[in-house]
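S.K.: There's a structure below that I have some questions on.
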Amino acid sequence: MGKPIFIAGPTATGKSAVALEVAKKVGGEIISVDSMQVYRKMDIGTAKPSAEQRKQIPHHLIDCTTISEGFDAARFVREVENKKKKIKQPIFCGGTGLYFQAWHEGLGETPPRDSKTRKTLEEASTQDLLRELKEKDPKTYKSIDHQNPRRIIRAVEVIRITDKPFSEQKATWTNQAPANFFLIERTSQDLRNRIESRAEEMFERGLVEETCSLRSELENNPSAQQSLGYRQVIGHLKGEQDLPETVRLVKSRTWQYARRQKTWFRKTRGATEVEVSEAEQAKETARRIIELIE
Numbered sequence: 018m019g020k021p022i023f024i025a026g027p028t029a030t031g032k033s034a035v036a037l038e039v040a041k042k043v044g045g046e047i048i049s050v051d052s053m054q055v056y057r058k059m060d061i062g063t064a065k066p067s068a069e070q071r072k073q074i075p076h077h078l079i080d081c082t083t084i085s086e087g088f089d090a091a092r093f094v095r096e097v098e099n100k101k102k103k104i105k106q107p108i109f110c111g112g113t114g115l116y117f118q119a120w121h122e123g124l125g126e127t128p129p130r131d132s133k134t135r136k137t138l139e140e141a142s143t144q145d146l147l148r149e150l151k152e153k154d155p156k157t158y159k160s161i162d163h164q165n166p167r168r169i170i171r172a173v174e175v176i177r178i179t180d181k182p183f184s185e186q187k188a189t190w191t192n193q194a195p196a197n198f199f200l201i202e203r204t205s206q207d208l209r210n211r212i213e214s215r216a217e218e219m220f221e222r223g224l225v226e227e228t229c230s231l232r233s234e235l236e237n238n239p240s241a242q243q244s245l246g247y248r249q250v251i252g253h254l255k256g257e258q259d260l261p262e263t264v265r266l267v268k269s270r271t272w273q274y275a276r277r278q279k280t281w282f283r284k285t286r287g288a289t290e291v292e293v294s295e296a297e298q299a300k301e302t303a304r305r306i307i308e309l310i311e
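Note that our numbering has the sequence shown beginning at 18, numbered continuously upward.
Okay, here's the thing in C-alpha cells:
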C-alpha cells in the first residue's frame with residue numbers, strides 16, 4: 018500500500034467527486050469510509066457513486082454486505098487490512114469519523130459483537146440505554162453522542178459482555194490526523210443548500226420506491242434503518258407524516274447530522290482544511306489537494 022490520501026468531511030460537501038478526480042490524477046483507488054454505503058441495494062438514500070464512476074475508478078467497501086448482516090468499525094478495519102496489499106495508491110474518502118479514527122488509531126481491546134446481547138439492546142429504548150450507561154460508565158455517558166443509537170448500543174453491549182466500563186477498554190486516541198488528511202469545508206449556507214438540493218433529488222430519483230422495496234430488510238436491521246432518508250420514509254409509509262413533511266424532515270435531519278460530523282472532524286488535530294467555494298469544480302479542488310500532498 019502506498020502512502021494513503023484521506024479526504025473527509027460532512028455529508029454533501031462534494032468529497033466523493035473530489036476523491037474521484039484525485040484518483041484519476043494519481044492512479045489511485047478509492048476506499049469508501051461510509052457506514053451505510055457498505056449495504057447492497059441501499060443506493061439512492063446513501064448517495065453512492067454511480068456505476069459509471071465506479072467503472073472509471075475502482076471503489077472498495079461499497080456494496081460489500083447485505084442489509085441483513087451487521088457492519089461496524091471493527092469489520093471496516095478488517096476489510097481494509099484484507100485489501101491494503103492489493104491497492105497501490107489508496108484514497109480513503111467518506112464522512113464516518115469513527116471509521117477513520119479506528120483505522121488511524123485502533124479500537125482497543127473491546128470484544129466482538131454478540132448477537133444475543135445486541136438483539137436485546139436493539140429492542141430497548143435509547144433513553145433506557147443512556148440511563149444504564151450513565152450508571153455504569155459516566156465517562157462514556159458524558160462523551161458519547163446521545164443522538165447516535167448505534168454507538169450507545171455498542172458501549173452498553175461491551176459493558177454487559179465484560180462487566181467493565183467501555184471507557185476503560187476503548188483505544189486511547191490522540192485525535193492527531195495522519196499525513197495527507199484533507200478536510201473538505203464549505204460555508205454553512207452553501208452546505209445547507211447542497212443538502213436540501215440533494216434530498217429533493219433523492220426523492221425525484223425514487224427514494225420512496227427504493228425504501229418500499231427494502232422495508233422488511235431495513236426493519237430487521239436497526240443500524241441500517243437509522244440511515245438518513247430511509248428512516249424518515251419508513252415513518253411516512255407508517256402514516257406518521259405526509260410526503261412534503263417527510264422531505265422536510267430528511268433535509269432537517271441531514272443538516273443536523275452534517276453539523277455533528279463537523280464537530281467530530283473539528284477534533285482532528287493537524288488536518289488540512291480545504292475551503293471550497295460554491296462555484297468551484299471538483300477538478301480544481303482535486304488540483305489544489307494534489308499540490309499539498311506530501
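No residue lacks a Cβ here, since even glycine has one placed at the ideal position from N, Cα and C. Quick caveat: nothing in here was measured; it's all calculated off a predicted structure.
When the Cα atoms are used, what is the spatial distance from P166 to S244?
M.R.: As a first step, residue 166 must be located in the sequence shown, where it is residue number 149. As a first step, residue 244 must be located in the sequence shown, where it is residue number 227. Spanning the two alpha carbons is a distance of roughly 11 Å.
S.K.: Assess, as a yes-or-no matter, whether the stretch 194-209 is touched by the stretch 22-29 under the definition of 3 or more beta carbon pairs within less than 8 Å.
M.R.: yes
S.K.: Can you list, in chain order, the residues of its chain with a C-beta nearer than 7 Å to that of H76? Leave out the 5 residues immediately preceding and following it.
M.R.: If you number the sequence shown from 1, residue 76 lands on position 59. I47, S49 and P66.
S.K.: Quick test of your reading: Q54 and T63, contact by CB under 8 Å. State the CB separation rounded to the nearest angstrom.
M.R.: Translated into the one-based positions of the sequence shown, residue 54 becomes position 37. Translated into the one-based positions of the sequence shown, residue 63 becomes position 46. Contact holds; Cβ gap of about 5 Å.
S.K.: If contacts are defined as beta-carbon pairs under 8 Å, then P128 and T179 qualify, I think. What distance do you get, rounded to the angstrom?
M.R.: Counted from its first residue, the sequence shown places residue 128 at position 111. Counted from its first residue, the sequence shown places residue 179 at position 162. Yes, they are in contact, since the Cβ atoms of P128 and T179 sit about 6 Å apart, within 8 Å.
S.K.: Beta-carbon within less than 6 Å of T132's beta-carbon, same chain only, minus the 5 sequence neighbours each way: which residues are those?
M.R.: By one-based count along the sequence shown, residue 132 stands at place 115. It should be noted that the sequence gives Ser, not Thr, for residue 132. Closer than 6 Å at Cβ, skipping near neighbours: no residue.
S.K.: Give me, in chain order, the residues of the same chain whose beta-carbon lies closer than 6 Å to that of F88; leave out the 5 immediate sequence neighbours on both sides.
M.R.: To locate residue 88, count along the sequence shown from 1; it is residue 71. Closer than 6 Å at Cβ, skipping near neighbours: V55 and T82.
S.K.: DSSP on Q193, reduced to helix/strand/coil?
M.R.: In the sequence shown, the residue the question calls residue 193 occupies position 176. If DSSP states are grouped into helix, strand and coil, Q193 belongs with the strands.
S.K.: Helix or strand or just coil, what does DSSP make of H77?
M.R.: Numbered from its first residue, the sequence shown carries residue 77 at position 60. If DSSP states are grouped into helix, strand and coil, H77 belongs with the strands.
S.K.: Can you tell me the Cβ-Cβ gap for P182 and K159, rounded? I've got them flagged as a contact below 8 Å.
M.R.: To locate residue 182, count along the sequence shown from 1; it is residue 165. To locate residue 159, count along the sequence shown from 1; it is residue 142. Incorrect: roughly 12 Å between the Cβ atoms, too far for contact.
S.K.: Compute the Euclidean distance between the alpha carbons of G287 and K279, then round it to the nearest angstrom.
M.R.: Along the sequence shown, one-based indexing puts residue 287 at 270. Along the sequence shown, one-based indexing puts residue 279 at 262. C-alpha separation (whole angstroms): 15 Å.
S.K.: Tell whether a beta-carbon distance below 9 Å holds between T228 and V250.
M.R.: Translated into positions along the sequence shown, residue 228 becomes position 211. Translated into positions along the sequence shown, residue 250 becomes position 233. In this structure, V250 lies closer than 9 Å to T228 by Cβ.
S.K.: Which whole-angstrom value describes the C-beta separation of A188 and E98, a residue pair presumed to lie in contact below a C-beta threshold of 8 Å?
M.R.: Sequence index remark: in the sequence shown, residue 188 carries index 171 (1-based). Sequence index remark: in the sequence shown, residue 98 carries index 81 (1-based). Contact doesn't hold; Cβ gap of about 16 Å is too wide.
S.K.: In the DSSP output, what is R286 paired with across the bridge?
M.R.: Counting from 1 along the sequence shown, the entry for residue 286 is found at position 269. Per DSSP, Q193.
S.K.: Using a Cβ-Cβ cut-off of 6 Å (strictly less than) and excluding sequence neighbours within five positions of V267, which residues of its own chain qualify?
M.R.: By one-based count along the sequence shown, residue 267 stands at place 250. So the list reads A216, G246 and Q249, once near-sequence residues are dropped.
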